[in-house]
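Undergrad:
Number of protein chains: 2
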Amino acid sequence: MQPNTKPARGPLNGVDTPNLLATINFVAGQPELAKFQFRAHNQWVEGTHSKSAMLGFYGAGQEQNHARATYADSDHPTVLCGADRGPTPVEWLLHGLASCLMAGVANIAAARGIKLTKVQCAVDGDIDLRGILGISEEVRNGFQNIQVSFEIEGDAPAEKLNQLIEQARARSAVFDVLTNGVPVTVGIKTIQ
Amino acid sequence: MQPNTKPARGPLNGVDTPNLLATINFVAGQPELAKFQFRAHNQWVEGTHSKSAMLGFYGAGQEQNHARATYADSDHPTVLCGADRGPTPVEWLLHGLASCLMAGVANIAAARGIKLTKVQCAVDGDIDLRGILGISEEVRNGFQNIQVSFEIEGDAPAEKLNQLIEQARARSAVFDVLTNGVPVTVGIKTIQ
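Residue numbers (the numbering used here), protein chains in the order written: chain A, -10 to 181; chain B, -10 to 181.
#1: Determine the DSSP secondary structure at Asp113/A, reduced to helix, strand or coil.
#2: Of all the CB atoms in chain A, is at least one closer than 9 angstroms to the CB of Val103/B?
#3: Rounded to the nearest angstrom, what separates Asn8/B and Leu1/B at their Cα positions?
#4: Any idea what DSSP makes of Asp62/A, helix, strand or coil?
#5: Under the DSSP definition of a beta bridge, which residues are partnered with His30/B?
#6: Roughly how many angstroms lie between the CA atoms of Gln133/B and Pro20/A, to the nearest whole one?
#7: CB-CB under 6 angstroms to Asn31/A, same chain, minus the five flanking residues each way: which ones, in chain order?
#8: Check each candidate in Cys70/A, Arg57/A, Asp64/A and name the one with the smallest Cα separation from Ala49/B.
#9: Going by alpha carbons, who is nearest to Ile116/A out of Tyr47/B, Ala95/B, Asp144/B?
#10: Could you pull the start and end residues of the beta strand (DSSP E) that Ile97/B belongs to?
#11: Is there contact here, the stretch 86 to 95 of chain B with the stretch 102 to 117 of chain A, by at least three beta-carbon pairs under 8 angstroms?
#12: Applying a beta-carbon distance threshold of less than 9 angstroms, which residues of chain B neighbour Ala(-3)/A?
#13: Give me, in chain order, the residues of the same chain whose beta-carbon lies closer than 8 angstroms to that of Ala162/A; leave out the 5 immediate sequence neighbours on both sides.
#14: Assuming Phe164/B is part of the alpha helix (DSSP H), what are its boundary residues?
#15: State yes or no: is the beta carbon of Glu155/A nearer than 9 angstroms to at least one beta carbon in chain B?
#16: Does the distance from the CB of Thr37/B to the CB of Val4/A come in under 9 angstroms?
#17: According to the Cβ coordinates, are Ala100/B and Gly143/B closer than 9 angstroms?
#18: Going by the beta-carbon positions, is the gap between Asn130/A and Arg160/B smaller than 9 angstroms?
#19: Note down, in chain order, all residues in the stretch 133 to 157 of chain A with a beta-carbon under 7 angstroms from any beta-carbon belonging to chain B.
#20: For Trp81/A versus Gly85/B, is the C-beta distance shorter than 9 angstroms?
#21: Any heavy atom of the ligand COA closer than 8 angstroms to the beta-carbon of Glu52/A?
#22: To the nearest angstrom, how far is it from the Cα of Gln(-9)/A to the Cα of Gly(-1)/A?
#23: Looking at chain B, is there any beta carbon in it that lies within less than 9 angstroms of the beta carbon of Glu126/A?
#24: Does any residue of chain A bring its CB to less than 9 angstroms from the CB of Glu35/B?
#25: In whole angstroms, give me the CA-to-CA distance for Glu140/B and Leu118/B.
#26: Pick helix, strand or coil for Thr67/A, following the three-state DSSP scheme.
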């Protein structure tokens, strides 16, 4: 007689699969634990150079801190009259998209029992700067389009590896925000 | 007799205003120089941890490199079964938004002759993780909403400082992408 339950998955790809699946089941029973707020605090430095700190967030019912704060610089390149003290703001979006899809691929592969050996992706975003430079009202400010190109290697047929990336796309927070948009409010507090 | 041309703006806030305005005029006459492509290359490390490199980009008619490569880690926090080796992918979006608005504020202030002394912003994004965890089909994967809260100090009345932030929002590449969305294609190349 065949058991009709799937075998429990062990940890794989550095993912603690049993813990991840238990967490999902736990949150399913207590949906208030799923409410998270993520945050960045940004300080202007000079010119177009600014620096963000990312440390605290809210989630799983309480205030949380990352193990350590991360500080990230952003600037415009010299060809756009910046000091090039860091990547441009739009490159940080591409990093966010790449890393969101990548985390999904690893989690989903672990849940499906697929061992990954190498995964990488290139993310390119095309932008016509006549928008932000105020030269043309016909040209949008942001990217015209973004292309993600994955290379993936693991112990499964190409079709199964392709499905990992498809499912990562279907469950990606950043892919959703970038393709569907999100309401953003901008508030101001002046200091006199 | 009053001259009917505005005085030329000098450098201000660390912005080389004459160079910036000359660049805009130059690009206006050669629109192909405004076509840029920004890039991130991401490598899976382990679990939900990945690392991006940002170095090369295309723009102003040729391949360009930043002064140095920037490497950035991303991971899920331990409460979501990650190893917390860096900010989450969605926090990187918030950093991109903050730094884009901030660069705009500095450039626009310089163009308007307003000296800034301090500018900072907090960016918060609310997300219900029942989407990405696959618990509810009613809940979106991405942020429900994002709130940006600026503090700004400079040698202009509150109304003028507020207008800087309003204009930065109106000309922000990242604000446009996050609020209006952008087409994203995901391609796959498997290694067998």
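Virtual Cβ for every residue (Gly too), placed ideally from N, Cα, C.
TA: This is what the structure gives:
#1: Here the question's residue 113/A lines up with position 124 in the first sequence. Strand at Asp113/A.
#2: On the second sequence, position 114 is the one that residue 103/B refers to. The sequence shown places Ile at residue 103/B, rather than the Val named in the question. By this cut-off, Ile103/B is not an interface position.
#3: Indexing the second sequence from 1 puts residue 8/B at position 19. Indexing the second sequence from 1 puts residue 1/B at position 12. Their Cα atoms are separated by approximately 12 angstroms.
#4: As a first step, residue 62/A is located in the first sequence; it is residue number 73 there, counting from the start. Correct three-state label for Asp62/A: strand.
#5: The residue given as residue 30/B occupies position 41 in the second sequence. According to DSSP, which records beta bridges pairwise, His30/B is partnered with Ala111/A, Ala42/B.
#6: Within the second sequence, numbered from 1, the residue matching residue 133/B stands at position 144. Within the first sequence, numbered from 1, the residue matching residue 20/A stands at position 31. Answer to the nearest angstrom: the Cα atoms are 15 angstroms apart.
#7: As a position in the first sequence, residue 31/A is number 42, starting the count at 1. Hits under 6 angstroms: Ser39, Ser41.
#8: Within the second sequence, numbered from 1, the residue matching residue 49/B stands at position 60. Among Cys70/A, Arg57/A, Asp64/A, the Cα nearest to that of Ala49/B is on Cys70/A.
#9: Sequence index remark: in the first sequence, residue 116/A carries index 127 (1-based). Ile116/A has its Cα closest to that of Tyr47/B, out of Tyr47/B, Ala95/B, Asp144/B.
#10: Taking the second sequence and counting its residues from 1, the one referred to as residue 97/B is at position 108. Premise fails: Ile97/B lies in the alpha helix (DSSP H), 78 to 100, not in any beta strand (DSSP E).
#11: no
#12: As a working mapping, residue -3/A is identified with position 8 in the first sequence. The contact set of Ala(-3)/A on chain B, defined by CB atoms closer than 9 angstroms, is empty, because the minimum CB distance reaches about 16 angstroms.
#13: Counting from one through the first sequence, the residue named residue 162/A turns up at place 173. For Ala162/A, where only same-chain residues beyond five positions count, the Cβ hits under 8 angstroms are Cys89.
#14: Looking up residue 164/B in the second sequence gives position 175. Taken as a continuous stretch (DSSP letters only), the alpha helix (DSSP H) holding Phe164/B covers 162 to 169.
#15: One-based indexing of the first sequence puts residue 155/A at position 166. Closer than 9 angstroms: yes.
#16: Within the second sequence, the letter at position 48 stands for residue 37/B. Within the first sequence, the letter at position 15 stands for residue 4/A. Their beta carbons are under 9 angstroms apart, which means Thr37/B touches Val4/A by this criterion.
#17: Position 111 of the second sequence, counting from 1, holds the residue named residue 100/B. Position 154 of the second sequence, counting from 1, holds the residue named residue 143/B. In this structure, Ala100/B sits away from Gly143/B, with a CB-CB distance that is not shorter than 9 angstroms.
#18: The count along the first sequence starts at 1 and reaches residue 130/A at position 141. The count along the second sequence starts at 1 and reaches residue 160/B at position 171. Here Asn130/A is near Arg160/B, since their CB atoms are less than 9 angstroms apart.
#19: Asn134, Ile135, Gln136, Val137, Ser138, Phe139, Glu140, Ile141, Glu142, Ala147, Leu150, Asn151, Ile154
#20: What you label residue 81/A is simply residue 92 of the first sequence in a count that begins at 1. What you label residue 85/B is simply residue 96 of the second sequence in a count that begins at 1. Going by C-beta atoms, Trp81/A is nearer than 9 angstroms to Gly85/B.
#21: In the structure on display, the ligand COA does not appear, and there are no ligands present to speak of.
#22: Looking up residue -9/A in the first sequence gives position 2. Looking up residue -1/A in the first sequence gives position 10. The predicted position of Gln(-9)/A is uncertain, since its pLDDT is 49 and thus under 50; no value can be drawn from it.
#23: As a working mapping, residue 126/A is identified with position 137 in the first sequence. It does not; no Cβ of chain B falls within 9 angstroms.
#24: Walking along the second sequence from the start, residue 35/B turns up at place 46. Yes, Glu35/B lies at the interface with chain A (some Cβ there is under 9 angstroms from its Cβ).
#25: As a position in the second sequence, residue 140/B is number 151, starting the count at 1. As a position in the second sequence, residue 118/B is number 129, starting the count at 1. Answer to the nearest angstrom: the Cα atoms are 30 angstroms apart.
#26: By one-based count along the first sequence, residue 67/A stands at place 78. The answer is helix: DSSP assigns Thr67/A an H, G or I state.
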